[in-house]
Structure formats: structure tokens, C-alpha cells
Amino acid sequence: MITEETKIQNTELDTSIKNILSRCNIFTISDLLKCDIPRLKRIRGLGNERVKEILHFININGFYFD
Numbered sequence: 009m010i011t012e013e014t015k016i017q018n019t020e021l022d023t024s025i026k027n028i029l030s031r032c033n034i035f036t037i038s039d040l041l042k043c044d045i046p047r048l049k050r051i052r053g054l055g056n057e058r059v060k061e062i063l064h065f066i067n068i069n070g071f072y073f074d
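In my numbering, the protein residues as written are 9 to 74.
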């Protein structure tokens, strides 16, 4: 089960996404949820497709961005 305390590295997100988020000090689902979509799009290496993958992952696990 995925919770807000779950580490990004322990999810089924693509390894490249995990590495990019880690470089930006985003280590848990809670950290990720504190970001907004425009911020995610500005992160180097996260193009539209990777942002869509993140959004899909967040939504299917019952979370939403503020």
C-alpha cells in the first residue's frame, strides 16, 4: 500500500523519474504532493510524458495535488 510516507524509490515509478525526483530532494509521496504541476514541468529531465506518468501514478493511488 502506498502512503504519504512511502519513499519514491519504493514505488513502481520509472527509475529515471525516481532519480530526477531524488536530485530535487523529493524523497517521499508527501514531498511529491507538495509540488505543483508547473513546478514539476520545470524540473530538468521531466518532460510532459514523465509528468503525465507521475500524475497517473498519484491519481491511481488515491492522491491529489493541492
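Glycine included, every Cβ here is placed at the ideal spot set by N, Cα and C.
message: In chain order, what are the residue ranges of uninterrupted beta strand (DSSP E) at least 3 long that sit wholly in the stretch 13–51?
response: none
task: Note down the Cα distance separating glutamine 17 from leucine 40, rounded to an integer number of angstroms.
output: Start at 1 with the first residue of the sequence shown, and residue 17 comes out as number 9. Start at 1 with the first residue of the sequence shown, and residue 40 comes out as number 32. About 12 Å.
- prompt: Which value, in whole angstroms, describes the spacing of the CA atoms of lysine 79 and glutamate 20?
  reply: For the chain, the structure presents residues 9 to 74; residue 79 sits outside this window and is missing.
task: Name the residue from Gly53, Lys15, Asp22 whose alpha carbon lies nearest to the alpha carbon of histidine 95.
output: With the chain represented from 9 up to 74, any question about residue 95 goes unanswered, as that position is not in the structure.
Test: cysteine 32 CB closer than 8 Å to a CB of chain B: Of the protein chains in the structure, only one exists, and it is not chain B.
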